[in-house]
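In my numbering, the protein residues as written are 79 to 317.
To keep things clear, I will list the structure first and then write my remarks on it.
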Ligand code: 8X3
């Protein structure tokens, strides 16, 4: 479970623990994952998915066999139109959302294979299905997440590994929008303004736990989740 220190990652770690999994909580913030691991009787591994060395340490900690990999670490940085976008922010988004997934998947595939019944769940987004103004760097990265997931399913067919993508729409978490807007709380809050019930991290965790607990021959290719108030990316009911 990468990105386990907050939001969807932490909620999914809890949901999988409730299903009986021994969860390895991986993230950069050691104090947070230590507390989470203690709470769910899991293991904390400090890991930055943008570092090959750090990911190698995660693979060592995971060991020879792994049933479920959730590639959750990711995020959006910036909201500028293409004309003004910062290439460095785009590089960082590709690094964490796509290359991070690549590094972790490469490192853990042998253990998933060795388990005889592996599952990879990649956290995509509705941003991997559409375009929206100000979102090009993030949508490009999340389209990458989707395509890598599809490619992996083609390349690993015949092996005992299922591959799924979860694509959430509007999910209110403590950090996603705050990070995107560089810590500007007012801008982050405006994303959810008037929306009675955005999805919460537990809704996504619930879906991932459901995917993980289907019988081994059932591959949920992709699941798009949006709150009832969000009919489409730009079509959000606000009261
Ligand atoms: C988050 C969904 O709408 O901010 O992945 O792109 S959105």
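Just so it is clear, CB atoms sit at the ideal spot from N, CA and C, and this is done for glycine as well.
Fair warning: this is a prediction, and the values are worked out from it, not measured in the lab.
Beta-ladder partner(s) of residue i, from DSSP
| i | result |
| --- | --- |
| residue 147 | 198 |
| residue 311 | DSSP output for residue 311 lists no bridge partner at all. |
| residue 301 | 244 |
| residue 101 | Its beta-bridge partners do not exist; DSSP assigns none. |
| residue 121 | 102 |
| residue 80 | 104 |
Residue i: CB within 7 Å of a non-hydrogen atom of the ligand 8X3
| i | result |
| --- | --- |
| residue 213 | yes |
| residue 291 | no |
| residue 129 | no |
| residue 247 | yes |
| residue 167 | no |
| residue 270 | no |
| residue 84 | no |
| residue 151 | no |
| residue 310 | no |
| residue 204 | yes |
| residue 172 | no |
| residue 216 | yes |
Cβ-based burial, residue i [other Cβ within 10 Å; buried from 16]
| i | result |
| --- | --- |
| residue 80 | buried |
| residue 159 | exposed |
| residue 315 | exposed |
| residue 296 | exposed |
| residue 220 | buried |
| residue 174 | buried |
| residue 210 | exposed |
| residue 146 | buried |
| residue 203 | buried |
| residue 127 | buried |
| residue 192 | exposed |
| residue 100 | exposed |
| residue 305 | buried |
| residue 169 | exposed |
| residue 138 | exposed |
| residue 232 | exposed |
| residue 131 | exposed |
| residue 272 | exposed |
| residue 285 | buried |
| residue 162 | exposed |
Whole-Å CB distance - residue i paired with residue j, under 8 Å assumed
| i | j | result |
| --- | --- | --- |
| residue 317 | residue 279 | Rounded, the Cβ-Cβ distance is 23 Å, inconsistent with contact. |
| residue 125 | residue 95 | The Cβ separation is near 18 Å, so there is no contact. |
| residue 121 | residue 102 | 5 Å |
| residue 87 | residue 254 | Between residue 254 and residue 87 the Cβ distance is about 11 Å, and since that is not below 8 Å, they are no contact. |
| residue 247 | residue 186 | With a Cβ gap of about 28 Å, residue 247 and residue 186 do not count as contacting. |
| residue 156 | residue 215 | 6 Å |
Closer than 8 Å to chain B by CB, residue i
| i | result |
| --- | --- |
| residue 151 | No chain B is part of this structure, which consists of one protein chain only. |
**Request:** Pick out the complete alpha helix (DSSP H) segments inside the segment 123 to 170, 4 residues or longer, and give them in chain order.
**Result:** 130 to 140
**Prompt:** Could you give the uninterrupted runs of the beta strand (DSSP E) lying entirely in the segment 233 to 288, keeping only those of 3 residues or more?
**Reply:** 239 to 246
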